[in-house]
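S.K.: Sharing a structure, written as structure tokens. Questions coming.
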């Protein structure tokens, strides 16, 4: 009779299928820890890309050689497009040849090298090499990580899959929120509000009372590691996410003997992929995919056009924001609204009609429309 917990790791060769347990699989904490650190890296780096390209990019002599806003947006969206196009090849690599574990581990190392290049070389060459390697690494592991969560579960603990994915999704937005607040802070000098506050020699309570994340971060930095202040800039701002990606890789490797590792299917994968009934299923999903593609092409303007809009606007709202930090609102609202929607809003709506996943997507898309219209109106007013 299987126990509810697994006390000892079983070697990889003895773990090709889920463990017979009704408890949480032992590999899940490593997957969630890996995802939180990797998302911290990706969103932290992505958040400051446009500001870096328009304000901090240099040439080989170290002189400023910044891009114009339109060129920076082009680079940003080419990078994001690559990140979301390459998962197709990452999935084939994992399912047909390497398996998910090897694909994630090997491409995570590629990802780390890309972060290193981006941090050490702030020229266009470093930008091209860094973003290229990050796109290969991030895009390649993207189709594997969430599927790897499902692989860990068997019939007896299938009921815990929803809970595991809830924590998985929470880790994504947790990492995203904190990195989106931190990396813009590390890229630029202390804000005027933070400098004025620090000049008063405040204490911990006074710092927390400001409710200003940038002021609190500046206070913590001054107290804990004041020497870092002089290193604010692209190398530090890209380097910290790189350290988190290295941490993510190490956490994933540490769980190597606790994962269920499904073997690659080889040639059978290709046969299965092009079976007539499977192609028909994909064809039925195409309209949904097209609608989603339109949404994401607009939504990713939050990392480019919306940041450039913020550069020309008054950012003193509640506290003094950095232009890149406006992107932190999305993961913050997700963290707040997930429990509200799950335990209050959705049950209330279900009293009137069944709220299926597709209906949630449809309602969400309609609610999002005014935000894009508002962004277009703002852009017309500030003359971007």
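In my numbering, the protein residues as written are 125 to 508.
Beta carbons are placed, not taken as given, at the ideal position from N, Cα and C, and that holds for glycine.
Remember, predicted model here, so these are calculated numbers, not experimental data.
Can you tell which of 485, 406, 427 and 294 has the C-alpha that lies nearest to the C-alpha of residue 167?
M.R.: Taking the first residue of the chain shown as position 1, residue 167 is located at position 43. Nearest of 485, 406, 427 and 294 to residue 167, Cα basis: 427.
S.K.: Ignoring anything shorter than 3 residues or poking outside the stretch 386 to 466, list the beta strand (DSSP E) runs there in chain order.
M.R.: Listed in chain order, nothing qualifies, since the stretch 386 to 466 has no complete beta strand (DSSP E) run of 3 or more residues.
S.K.: Check whether the stretch 300 to 311 touches the stretch 356 to 368, taking contact to mean three or more Cβ pairs, one atom from each stretch, closer than 8 Å.
M.R.: Enough Cβ pairs lie closer than 8 Å, so yes.
S.K.: Where does residue 251 sit, in a helix, a strand or coil, going by DSSP?
M.R.: The residue labelled residue 251 in the question sits at position 127 within the chain shown. Correct three-state label for residue 251: helix.
S.K.: Nearest-angstrom Cα distance between residue 174 and residue 201?
M.R.: Taking the first residue of the chain shown as 1, we reach residue 174 at position 50. Taking the first residue of the chain shown as 1, we reach residue 201 at position 77. For residue 174 and residue 201, the distance between alpha carbons rounds to 10 Å.
S.K.: How is the alpha helix (DSSP H) around residue 286 delimited, first residue to last?
M.R.: Translated into positions along the chain shown, residue 286 becomes position 162. Here the alpha helix (DSSP H) through residue 286 covers 285 to 311.
S.K.: Going by the beta-carbon positions, is the gap between residue 162 and residue 429 smaller than 9 Å?
M.R.: Sequence index remark: in the chain shown, residue 162 carries index 38 (1-based). Sequence index remark: in the chain shown, residue 429 carries index 305 (1-based). Cβ atoms of residue 162 and residue 429: not closer than 9 Å.
S.K.: In chain order, what are the residue ranges of uninterrupted alpha helix (DSSP H) at least 4 long that sit wholly in the stretch 170 to 208?
M.R.: Qualifying alpha helix (DSSP H) stretches, in chain order: 173 to 179.
S.K.: Output needed for residue 479: all residues of its chain with C-beta closer than 7 Å, excluding positions within five of it in sequence on either side, in chain order.
M.R.: Translated into the one-based positions of the chain shown, residue 479 becomes position 355. Excluding residues within five positions, the ones whose Cβ falls inside 7 Å are 470 and 473.
S.K.: Quick one: grab the DSSP three-state call for residue 331.
M.R.: Counting from 1 along the chain shown, the entry for residue 331 is found at position 207. In this structure, residue 331 counts as helix in the three-state DSSP scheme.
S.K.: Are the stretch 374 to 393 and the stretch 216 to 234 touching by the rule of at least three beta carbon pairs closer than 8 Å?
M.R.: At 8 Å Cβ cutoff, the stretches touch.
S.K.: How would you label residue 235, buried or exposed, when you count the other beta carbons within 10 angstroms and need 16 or more for buried?
M.R.: In the chain shown, counting from the first residue as 1, residue 235 sits at position 111. When all chains shown are included, residue 235 counts as buried.
S.K.: In whole angstroms, give me the CA-to-CA distance for residue 286 and residue 273.
M.R.: Taking the first residue of the chain shown as position 1, residue 286 is located at position 162. Taking the first residue of the chain shown as position 1, residue 273 is located at position 149. About 10 Å.
S.K.: Rounded C-beta distance between residue 393 and residue 220? I'm assuming under 8 Å.
M.R.: Within the chain shown, numbered from 1, the residue matching residue 393 stands at position 269. Within the chain shown, numbered from 1, the residue matching residue 220 stands at position 96. Between residue 220 and residue 393 the Cβ distance is about 4 Å, and since that is below 8 Å, they are a contact.
S.K.: At 4 residues or longer, what runs of the alpha helix (DSSP H) sit wholly inside the stretch 212 to 275?
M.R.: Those alpha helix (DSSP H) runs which fall completely within the stretch 212 to 275 and span 4+ residues are 224 to 244 and 248 to 275.
S.K.: So, are the CB atoms of residue 315 and residue 334 less than 9 Å apart?
M.R.: Counted from its first residue, the chain shown places residue 315 at position 191. Counted from its first residue, the chain shown places residue 334 at position 210. Not a contact, by the Cβ cut-off of 9 Å.
S.K.: Whose CA, out of 184, 156 and 197, lies closest to the CA of residue 431?
M.R.: For the purposes of this step, residue 431 is identified with residue 307 of the chain shown, where counting begins at 1. The residue with the shortest Cα to Cα distance from residue 431 is 197.
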